[in-house]
Amino acid sequence: MEAQSERAGAKRGLCPCITLNFSTRKKCPGKRFLLYDFIKNSEMSDSSPFKMRLVHLDLKGAPPKVSYLSEVFPLFHALGANGLLLEYEDMFPYEGRLRLLRAKHAYSPPEIKEILHLATLNKLEVIPLVQTFGHMEFVLKHEALAHLREVALFPNTLNPHEAEALALVGAMVSQVMELHPGARWFHVGCDEVYYLGEGEASRRWLQQERNTKARLCLSHIKAVACHVLARHPATRPLVWDDMLRAIPEDQLSASGVPQLVEPVLWDYGADLDVHGKGGFTEDVKAKVENFLGISNLEVTDFTSEGPGSFPGSDILALVTHVSLHLRSSVDTLLERDRYVSGWFSPYHRRRKLVHPVVAQHIQPQALRLVAQLWWCPPRGCTSSAASGFEPDELSRS
Numbered sequence: 001m002e003a004q005s006e007r008a009g010a011k012r013g014l015c016p017c018i019t020l021n022f023s024t025r026k027k028c029p030g031k032r033f034l035l036y037d038f039i040k041n042s043e044m045s046d047s048s049p050f051k052m053r054l055v056h057l058d059l060k061g062a063p064p065k066v067s068y069l070s071e072v073f074p075l076f077h078a079l080g081a082n083g084l085l086l087e088y089e090d091m092f093p094y095e096g097r098l099r100l101l102r103a104k105h106a107y108s109p110p111e112i113k114e115i116l117h118l119a120t121l122n123k124l125e126v127i128p129l130v131q132t133f134g135h136m137e138f139v140l141k142h143e144a145l146a147h148l149r150e151v152a153l154f155p156n157t158l159n160p161h162e163a164e165a166l167a168l169v170g171a172m173v174s175q176v177m178e179l180h181p182g183a184r185w186f187h188v189g190c191d192e193v194y195y196l197g198e199g200e201a202s203r204r205w206l207q208q209e210r211n212t213k214a215r216l217c218l219s220h221i222k223a224v225a226c227h228v229l230a231r232h233p234a235t236r237p238l239v240w241d242d243m244l245r246a247i248p249e250d251q252l253s254a255s256g257v258p259q260l261v262e263p264v265l266w267d268y269g270a271d272l273d274v275h276g277k278g279g280f281t282e283d284v285k286a287k288v289e290n291f292l293g294i295s296n297l298e299v300t301d302f303t304s305e306g307p308g309s310f311p312g313s314d315i316l317a318l319v320t321h322v323s324l325h326l327r328s329s330v331d332t333l334l335e336r337d338r339y340v341s342g343w344f345s346p347y348h349r350r351r352k353l354v355h356p357v358v359a360q361h362i363q364p365q366a367l368r369l370v371a372q373l374w375w376c377p378p379r380g381c382t383s384s385a386a387s388g389f390e391p392d393e394l395s396r397s
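For reference, each letter of the sequence shown is one residue, going 1 to 397 in the UniProt record's numbering.
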């Protein structure tokens, strides 16, 4: 699990977002949200000038159990959050012809309803997110849907020329909205649409007069937004802005997209200018230390002193144990040990050329590392992790 936070600027009432990434496949820093008409409703709202403070839950890969979320949501609220951006990907319980998109440990419909109930109890407004253009790997990796790729070799981007492609994302949006009735906002993603314009259909289309990649991008975003609004007129579509930034303002206006969607600032750069924008007051600092169960927010190293008492602190201790204390040892074994690099390389393993004598030289150090990881973790960490995540998801991680 990874967490990063950032503070957005004051223009148009930007609000900050914290991203919690449960994926075993993708690391994703915090992103900035361009929203400006929400209402303050959290315990620490007096400490922030922003009306909406969102926690982005990136759930793919290893989703936490609902019982764990029931412990974390009160902490989010206590720390000042009043909204959740839920990015399910393959953890949503798609049905019918979309059932193949579901991962083994996808949430069930009753679990989704319980998550929404817990969010309401903790005054956290839920905004569902469904990727509808880029980041479509969890959809386009399936052989039955591979023909909808923009470029045949890569499963990340949808082909915007295929009528079936729009029908597919429309069905995904409809199923998610069915379990999120009354949602005021729906995020359609559309960030990092790699290889757009490089498919055969796109190349033919771009050869026609006045057609551009920008127009191609805008036409798909408009089609998706119109689908959302036609079926859910009270729901406002949100879209990441990175694909829109380089498009001239007159083209944006002519496309009609600005009238249909609310842009969300997509940015990897954290703004931590505490001298220019102000830091924590002593009152806020004391509250945060109390909520997290740590003695001091001031840190000079990667980790803070003391284990903390917040939900998931034991899991964090296990992740820190692996990341800080074992990764360098494993890297040393794989990259510097002469037996591994010389006679146990990927080349040798693929071709099954490893001599048993080489394995005997490697085995003692490898077993010591395994013992450090599984037999000597921080006290209680493995049981805490199992209480928050499915066991085989932990082993895959």
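Glycine is no exception: its CB is placed at the ideal position from the N, C-alpha and C atoms. Model, not experiment: these values are computed from the prediction.
Leaving aside the five residues before and after residue i along the sequence, list all residues of the same chain whose C-beta is less than 8 Å from its C-beta, in chain order.
i	result
L69	I115 and L118
V72	P64, P311 and G312
L86	L57, L59, I115, V126, I127, P128 and L129
K141	P155
A359	F344
Y194	G134, F154, N156 and T157
Applying the criterion that 16 or more other CB atoms from any shown protein chain within 10 Å of the CB defines a buried residue, is residue i buried or exposed?
i	result
P63	buried
A10	Confidence is the limiting factor: at A10 the pLDDT is only 31, short of 50, which leaves the residue's position unreliable and the question unanswerable from this model.
K60	buried
H180	buried
V357	exposed
T212	exposed
R149	buried
T157	buried
P248	exposed
S42	Note that S42 scores 40 on pLDDT, short of 50, meaning its location in the model is unreliable; the coordinates nonetheless yield the value given after this. S42 should be labelled buried.
E89	buried
L353	exposed
R53	buried
residue 399	This structure leaves residue 399 out entirely; the chain is present only between 1 and 397.
R349	exposed
N159	buried
S255	buried
residue 429	The chain is shown from 1 up to 397; residue 429 falls before or after that span and cannot be answered.
L153	exposed
S202	buried
Taking C-beta to C-beta, are residue i and residue j nearer than 8 Å?
i	j	result
H187	P128	yes
F310	L57	no
V257	I294	no
V151	E192	no
P233	V261	no
L218	L196	no
L100	A171	no
V319	L79	no
W266	D283	no
P155	M136	yes
S174	R102	no
V330	L369	yes
D337	I315	no
Give me the Cβ distance between residue i and residue j, rounded to the nearest whole Å; I'm assuming they're in contact under 8 Å.
i	j	result
L124	L84	5 Å
W205	H147	Not quite, the Cβ-Cβ distance comes to about 17 Å (not below 8 Å), so this is no contact.
T235	W185	7 Å
P93	A81	In fact, because the Cβ distance is near 25 Å, the residues do not count as touching under 8 Å.
V176	V228	At roughly 10 Å, the Cβ-Cβ gap does not stay under 8 Å, so V176 and V228 are not in contact.
A183	V126	7 Å
G134	C226	Not a contact, Cβ separation roughly 19 Å.
E95	V66	About 19 Å separates the two Cβ atoms, so there is no contact after all.
Answer yes or no: does any C-beta atom of chain D fall closer than 8 Å to that of residue i?
i	result
V130	The structure shown has no chain D; it contains just one protein chain.
Take residue i and list the residues in its own chain whose beta-carbon comes closer than 7 Å to its own, dropping the five residues that flank it on each side.
i	result
A214	I247 and Q251
L98	A171, M172 and Q175
F138	K60, E89, D90 and L101
Does the Cβ of residue i lie closer than 7 Å to at least one heavy atom of the ligand MN?
i	result
F310	For the structure depicted, the ligand MN is absent and the ligand set is empty, with no information on it obtainable.
Scan the UniProt domain "Glycoside hydrolase family 20 catalytic" (104-247) and note each continuous alpha helix (DSSP H) run of 4 residues or more that stays entirely inside, going in chain order.
Entirely contained in the UniProt domain "Glycoside hydrolase family 20 catalytic" (104-247), the alpha helix (DSSP H) runs reaching 4 residues are, in chain order, 109-121, 137-140, 163-178, 200-206 and 213-231.
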